[in-house]
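*Asks:* Please see the structure below; I have some questions.
There are 2 protein chains.
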Amino acid sequence: MAACDHEPKAKRLTNKPTFDQAFRDKLEELVLMRRDVRHFTSRKVPDEIVERCLNLACRAPSVGHSQPWRIVKVQDPVRRDAIIENFEQANAQALQNYEGTTAEAYSRLKLAGLRDADVHIAFFADMNADTGKGLGSNSMTETKLYSVVSAIQILWLALRAHGIGLGWVSILDPDRIARDLDVAPDWVFVGYLCIGYPVEETDTPELVKAGWQDRLPLTDLILER
Amino acid sequence: MAACDHEPKAKRLTNKPTFDQAFRDKLEELVLMRRDVRHFTSRKVPDEIVERCLNLACRAPSVGHSQPWRIVKVQDPVRRDAIIENFEQANAQALQNYEGTTAEAYSRLKLAGLRDADVHIAFFADMNADTGKGLGSNSMTETKLYSVVSAIQILWLALRAHGIGLGWVSILDPDRIARDLDVAPDWVFVGYLCIGYPVEETDTPELVKAGWQDRLPLTDLILER
Chain A
9 MAACDHEPKA KRLTNKPTFD QAFRDKLEEL VLMRRDVRHF TSRKVPDEIV
59 ERCLNLACRA PSVGHSQPWR IVKVQDPVRR DAIIENFEQA NAQALQNYEG
109 TTAEAYSRLK LAGLRDADVH IAFFADMNAD TGKGLGSNSM TETKLYSVVS
159 AIQILWLALR AHGIGLGWVS ILDPDRIARD LDVAPDWVFV GYLCIGYPVE
209 ETDTPELVKA GWQDRLPLTD LILER
Chain B
9 MAACDHEPKA KRLTNKPTFD QAFRDKLEEL VLMRRDVRHF TSRKVPDEIV
59 ERCLNLACRA PSVGHSQPWR IVKVQDPVRR DAIIENFEQA NAQALQNYEG
109 TTAEAYSRLK LAGLRDADVH IAFFADMNAD TGKGLGSNSM TETKLYSVVS
159 AIQILWLALR AHGIGLGWVS ILDPDRIARD LDVAPDWVFV GYLCIGYPVE
209 ETDTPELVKA GWQDRLPLTD LILER
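Chains as they are written, first to last, in the numbering used here: chain A, 9 to 233; chain B, 9 to 233.
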C-alpha cells in the first residue's frame with residue numbers, strides 16, 4: 009500500500025525541530041476548528057493526502073509500542089451499503105431512547121455523512137497481536153483500544169490541517185461491522201470514519217448549534233487532590 | 009480553577025484560520041517528536057501552560073458532545089506515594105508474565121517517571137453524566153472512554169509544542185487509583201499522566217532504542233475492502 013513504502017520522516021529530523029509561539033497559536037486554532045463533520049461536498053480527497061495522514065497517524069503513541077491499529081479502507085459499494093444499513097438500524101434503535109421534543113430534536117439531527125463522504129475508513133484494534141509483548145497492557149487491556157483512538161485523533165488533526173473534515177460514526181452495531189468488513193476475529197472495532205471536504209468550516213460544534221448540548225464550564229471538570 | 013475562567017478562543021476565530029504547508033510540516037514534526045516520556049528534569053512546569061493545554065484538551069471531540077473527561081490534578085504527596093506504590097505492585101505483577109531474557113529486559117526498562125515528574129494528572133470518564141443525552145453512545149458506550157483518550161492526545165501534543173513531555177502510566181490497578189484519589193464511583197479511570205520537561209528530545213521511542221519493539225511496516229496495518 010502506498011502509505012507503507014516510505015518512512016522518510018526520521019531522516020528529516022536529524023535537525024531537532026523547535027516549536028515557537030506562532031506554531032502553538034496555529035495548533036490551538038487547528039484544535040478549535042476541528043469538527044465532527046457530517047456534511048461533505050462532492051470534491052474528491054487526493055489519495056496521497058490520505059496516505060500521508062494515515063502514515064502520520066501510525067506514529068501515534070501505543071501501549072508498549074504495540075501499534076495495534078488496523079486500518080480498513082472501505083471502497084466496495086456493497087460493503088458501504090451494509091455500513092449505511094447498519095447505521096440506519098442502530099440510529100432507529102437509538103431514537104427509541106428519547107421521548108417527546110427530545111425525540112423530535114434527535115430525529116432532525118444529521119448524525120453521519122456516510123452517503124456523501126468520499127473516503128470511508130474503519131479502525132480496529134488487534135487485541136491479540138504480540139507486538140509490544142503485552143508491556144503496559146497487562147493490568148489495563150483497554151489501553152490497546154486507547155492506542156487506536158490516539159491514532160484516530162492524530163489522523164483527524166492532520167486531515168483538518170489539509171482542510172479535510174472527518175466524522176466519527178459510532179451509531180453502529182460493532183459486531184456487524186466486523187462481519188461486513190470480513191476482518192480477523194480478534195480485531196475489535198473502534199471507529200468508522202467518514203472523510204471528505206466539509207461544507208462548512210466553523211469553530212462551533214454542530215450539536216451546540218442545534219441546541220442539543222452546550223460546552224461545559226471547565227470548573228466542573230477539573231479538581232485537585 | 010484558572011483554566012475555567014476564560015473561553016477566549018471562539019472570539020479569536022471570527023477570522024477563519026487557514027493552514028499552509030509550512031504549518032503542516034511543523035505539525036508532522038510535532039507528532040514525530042512526541043514521546044512517551046519517563047525521564048524528566050527537575051525544571052518546574054509553569055502552571056499557566058498546564059492550564060492553557062488542559063483548556064485546549066477540553067476542546068477534543070466527544071461523543072454526543074458529552075465532554076465526559078474529568079481531570080484530577082494530583083498534588084498531595086501522600087496520594088502521589090499511593091500511586092507510586094500502586095505502580096510498583098502492578099509492575100512487579102506484570103514482570104511475572106515474562107521469563108528468561110525477556111524478563112531481564114523488562115526489569116531493566118524504566119516504565120514511569122512518577123518520582124521525577126513535576127505535574128501529575130489523572131484522567132477519568134464520567135460514564136453516567138447526562139451531557140449529550142447519550143447521543144452516539146447508545147450502541148457503543150466505550151465511546152465515552154474514547155472521548156477522554158482524545159482529550160489526552162490533544163493535551164500531549166499541546167504540551168509537546170511547549171517543549172514539555174508527557175508519559176502515560178498504565179501499569180496500575182485502576183480500581184485502586186479511583187479509591188486513592190477519592191473520585192465519584194461512576195468515574196472510570198482512563199490514564200495517569202506524568203508531565204515535565206524531558207531529559208532528551210528525540211524522534212525514536214524508548215522501546216525501540218531498548219530493542220523491545222520496533223516500528224511495524226505499514227503494509228501489515230492497512231487493508232482494503
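Each residue gets a CB set at the ideal place from its N, CA and C atoms; glycine is no exception.
Leaving out five residues on either side along the sequence, give the residues of the same chain with a beta carbon under 8 Å from the beta carbon of Asn-94 of chain A.
*Replies:* Within the same chain, Asn-94 of chain A has close Cβ partners Leu-180, Asp-181, Arg-184, Ile-185, Asp-188.
*Asks:* Taking 8 Å as the threshold, find out whether the stretch 214 to 231 of chain B comes into contact with the stretch 78 to 98 of chain A through three or more Cβ pairs.
*Replies:* Flag = yes, the stretch 214 to 231 of chain B and the stretch 78 to 98 of chain A touch.
*Asks:* Below 8 Å on the Cβ atoms is my guess for Val-157 of chain B versus Tyr-154 of chain A; work out the distance and round it to an integer in Å.
*Replies:* That belief holds up - the Cβ atoms of Val-157 of chain B and Tyr-154 of chain A are roughly 5 Å apart, short of 8 Å.
*Asks:* Using DSSP with H/G/I as helix, E/B as strand and the rest coil, what is Lys-217 of chain A?
*Replies:* Lys-217 of chain A: helix per DSSP, three-state reduction.
*Asks:* Under DSSP, the beta strand (DSSP E) around Val-198 of chain B begins and ends at which residues?
*Replies:* Here the beta strand (DSSP E) through Val-198 of chain B covers 195 to 204.
*Asks:* Give a yes or no on whether the minimum CB-CB distance between Cys-202 of chain A and chain B is below 9 Å.
*Replies:* With 9 Å as the cut-off, Cys-202 of chain A does not count as an interface residue toward chain B.
*Asks:* Can you check whether the C-beta of Ile-160 of chain A is within less than 9 Å of a C-beta belonging to chain B?
*Replies:* Taking Cβ atoms only, chain B reaches closer than 9 Å to Ile-160 of chain A, which makes this a yes.
*Asks:* Using 9 Å as the threshold, is the C-beta distance between Leu-122 of chain B and Ile-92 of chain B below it?
*Replies:* Cβ atoms of Leu-122 of chain B and Ile-92 of chain B: closer than 9 Å.
*Asks:* Please decide whether Pro-25 of chain B counts as near chain A, where near means a Cβ-Cβ distance under 9 Å.
*Replies:* It does; some Cβ of chain A falls within 9 Å.
*Asks:* Quick one: list the residues of chain B neighbouring Ala-98 of chain A, beta-carbon separation under 7 Å, in chain order.
*Replies:* Chain B residues near Ala-98 of chain A: Ser-147.
*Asks:* In chain order, which beta strand (DSSP E) runs of at least 3 residues are fully inside the stretch 31 to 112 of chain A?
*Replies:* Complete beta strand (DSSP E) runs here, min 3: 77 to 81.
*Asks:* Strictly under 9 Å for the Cβ-Cβ distance: is Leu-122 of chain B near chain A by that measure?
*Replies:* With 9 Å as the cut-off, Leu-122 of chain B does not count as an interface residue toward chain A.
*Asks:* Are the stretch 38 to 45 of chain A and the stretch 198 to 215 of chain A touching, with three or more C-beta to C-beta distances below 8 Å?
*Replies:* Output reads yes: the stretch 198 to 215 of chain A touches the stretch 38 to 45 of chain A.
*Asks:* Hey, how far is the Cα of Arg-67 of chain B from the Cα of Ala-166 of chain B?
*Replies:* Roughly 12 Å between the two C-alpha positions.
*Asks:* So with Cβ pairs under 9 Å, would you call Ser-74 of chain A a contact of chain B?
*Replies:* Chain B, which has a Cβ nearer than 9 Å to the Cβ of Ser-74 of chain A, makes this yes.
*Asks:* Give me the Cα-Cα distance between Ser-4 of chain A and Val-127 of chain B, rounded to the nearest whole angstrom.
*Replies:* Chain A is shown from 9 up to 233; residue 4 of chain A falls before or after that span and cannot be answered.
*Asks:* Label Asp-134 of chain B either buried or exposed according to how many other C-beta atoms from any shown protein chain fall within 10 Å of its C-beta, with 16 as the threshold for buried.
*Replies:* So Asp-134 of chain B ends up on the buried side.
*Asks:* Report back the beta-carbon spacing between Asn-99 of chain B and Ala-102 of chain A to the nearest angstrom; my notes put them in contact at under 8 Å.
*Replies:* Contact flag wrong, Cβ pair sits at about 41 Å.
*Asks:* How far does the alpha helix (DSSP H) with Ala-137 of chain B in it reach, from first residue to last?
*Replies:* Per DSSP, Ala-137 of chain B belongs to no alpha helix (DSSP H) and is neither H nor E.
*Asks:* Do the stretch 135 to 145 of chain B and the stretch 216 to 227 of chain A make contact, defined as three or more Cβ pairs closer than 8 Å?
*Replies:* Taking 8 Å as the limit for Cβ pairs, the verdict is that the stretch 216 to 227 of chain A does touch the stretch 135 to 145 of chain B.
*Asks:* Can you grab the Cα-Cα spacing for the pair Gly-72 of chain B / Ala-113 of chain B, in whole Å?
*Replies:* Roughly 43 Å separates the two Cα atoms.
*Asks:* Can you name, in chain order, every residue of its own chain whose Cβ lies under 6 Å from the Cβ of His-170 of chain A, other than the five neighbours on each side?
*Replies:* Contacts found: Ile-57.
*Asks:* Check whether the Cβ of Asp-190 of chain A lies closer than 9 Å to any Cβ atom in chain B.
*Replies:* It does: the Cβ of Asp-190 of chain A has a partner Cβ on chain B nearer than 9 Å.
*Asks:* Going by alpha carbons, who is nearest to Leu-21 of chain B out of A:Ile-172, A:Lys-34, A:Pro-25?
*Replies:* Answer by Cα proximity: A:Lys-34.
*Asks:* Buried or exposed: which applies to Ala-111 of chain B, given that a residue is buried once 16 or more other Cβ atoms fall within 10 Å of its Cβ?
*Replies:* Counting Cβ neighbours within 10 Å, Ala-111 of chain B comes out exposed, since fewer than 16 surround it.
*Asks:* Can you tell me whether DSSP reads Val-177 of chain B as helix, strand or coil?
*Replies:* Val-177 of chain B falls in the strand class under three-state DSSP.
*Asks:* Please report whether the beta-carbon of Tyr-286 of chain A lies at a distance below 9 Å from any beta-carbon of chain B.
*Replies:* Since the first residue shown for chain A is 9 and the last is 233, residue 286 of chain A is missing from the structure and cannot be characterised.
*Asks:* Since Ile-203 of chain A and Ala-125 of chain A should fall inside the 8 Å C-beta cutoff, what is the C-beta to C-beta distance between them, to a whole number of angstroms?
*Replies:* Right, their Cβ atoms sit about 6 Å apart.
*Asks:* Give the DSSP-derived three-state secondary structure of Leu-226 of chain A in the structure shown.
*Replies:* It is helical.
*Asks:* Using only the alpha-carbon positions, how far apart do Phe-27 of chain B and Glu-37 of chain A sit?
*Replies:* Going from the Cα of Phe-27 of chain B to the Cα of Glu-37 of chain A covers about 9 Å.
*Asks:* Strictly by DSSP, which residues pair up with Val-127 of chain A?
*Replies:* Its beta-bridge partners are A:Ile-203.
*Asks:* List the residues of chain B whose Cβ lies closer than 9 Å to the Cβ of Met-41 of chain A, in chain order.
*Replies:* Per Cβ cutoff of 9 Å: Leu-21, Lys-24, Pro-25, Phe-27.
*Asks:* Check whether the Cβ of His-47 of chain A lies closer than 9 Å to any Cβ atom in chain B.
*Replies:* No, His-47 of chain A does not count as interfacial toward chain B.
*Asks:* Report the residue from B:Gly-199, B:Gly-173, B:Lys-217 whose alpha carbon sits nearest the alpha carbon of Thr-49 of chain B.
*Replies:* Of the listed residues, the one whose Cα sits closest to Thr-49 of chain B is B:Gly-173.
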